[in-house]
Amino acid sequence: MLPITGGVCATCGERLFSPYAVADGHNYSEPQCGMCRRIEPLFARAAAYGSYESGLRELIHLLKFGGVRPAANALGRMLAEAITRLEPEFPSEGVVVVPVPLHRTKLRQRGFNQAEMIAHAALKNNPARDRLRLCPGVLDRTRETASQIGLTSHQRRENLRGAFRAVQREVVQGREVLVVDDVFTTGATVSECARVLRRAGATKVWVATVARTLKISAQHAEIRPLEDTDESTEPVPLAKAVGI
Ligand SMILES: [Zn+2]
1376 MLPITGGVCA TCGERLFSPY AVADGHNYSE PQCGMCRRIE PLFARAAAYG
1426 SYESGLRELI HLLKFGGVRP AANALGRMLA EAITRLEPEF PSEGVVVVPV
1476 PLHRTKLRQR GFNQAEMIAH AALKNNPARD RLRLCPGVLD RTRETASQIG
1526 LTSHQRRENL RGAFRAVQRE VVQGREVLVV DDVFTTGATV SECARVLRRA
1576 GATKVWVATV ARTLKISAQH AEIRPLEDTD ESTEPVPLAK AVGI
């Protein structure tokens, strides 16, 4: 479970393979992927701790599908590292931290929102917590969304449109917001959250996740690891690799 290294898009964190992609960025220190250069994302920058594979994937499964709550502490430490990378750009008054919400039906089934639980763990004992105000009630997920597996990014955006609602607009009005989640797959979910938050008056939206799916190679740019959805019925592997 090592942090992501090598060339990644400065905006969305996608892996960059082509040296041209790196060199064609607005400047050499801020390389951007083709997607972010074509359409400016609704969030300012997304940071992830690690690649969504092997041990990290197991650990997230353990929490989400196995209900092993102590896994949230380890994941929280990783989320805290992702937040640290964004922190130098946060305004002096800090940011409002908003976990991606679950629909109430899902929340009842699972008994907890993993994004909120990980955010809690990330902020606990965080030296910067004075500048990170956790507000889990800002967004509401108004409808259950169909599985995103096999959908194009356009279809994913359409699938999520109208899925979130800002219920505490006064909390984000004129503020910068940090959206946190367990996994960033195509960014469709956090982008939709960013759209709703900006419409509610947020001046800027940042994104931090524990994991991110990354392109495997330039030749297989469109092939991504299968996304885990809440509908997943995969058995949860034992946590031998993660020491809990
Ligand atoms: Zn990008």
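Numbering-wise (this note's numbering), the sequence shown opens with residue 1376 and increments by one. Using N, Cα and C, we set each Cβ at its ideal position, and we do this for glycine too.
Rounded to the nearest whole angstrom, the CA to CA distance from residue 1574 to residue 1382 is 32 Å. Annotated as distal: residue 1535 and residue 1517, with beta-carbon spacing of 7 Å or more. Ordered along the chain, residues surrounding ligand 1 are 1384, 1386, 1387, 1389, 1407, 1408, 1410, 1411 [Cβ under 6 Å from any heavy atom].
Non-local C-beta neighbours of residue 1579 in its own chain, meaning closer than 7 Å and more than five positions away in sequence, comprise 1419, 1551, ordered along the chain. The beta carbon of residue 1488 sits closer than 7 Å to the beta carbons of 1474, 1476, 1477, 1482 from its chain, once the five residues preceding and following it are set aside; these are given in chain order. When DSSP reads this structure, residue 1425 sits in a beta bridge with 1378, 1586. In the structure shown, residue 1449 falls within a helical segment according to DSSP collapsed to helix, strand and coil. By the CB criterion at 7 Å, residue 1472 and residue 1494 fall inside the cutoff. For residue 1589, the number of other beta carbons within 10 angstroms of its own is at least 16, and it is reported as buried.
In the three-state reduction of the DSSP assignment, residue 1499 falls in the coil class. With respect to residue 1490, residue 1557 sits close: the two C-beta atoms are nearer than 7 Å. Between residue 1527 and the set 1508, 1563, 1539, 1500, the nearest pair of CA atoms involves 1563. For residue 1558, the beta-bridge partners assigned by DSSP are 1586. With respect to the 7 Å criterion, residue 1386 and residue 1416 are classified as neighbours on the basis of their beta carbons. Within 10 angstroms of the beta-carbon of residue 1377 lie fewer than 16 other beta-carbons, which makes it exposed. Annotated three-state conformation of residue 1494 is helix, per DSSP.
Checking the DSSP bridge columns, you'll see residue 1579 partnered with 1551.
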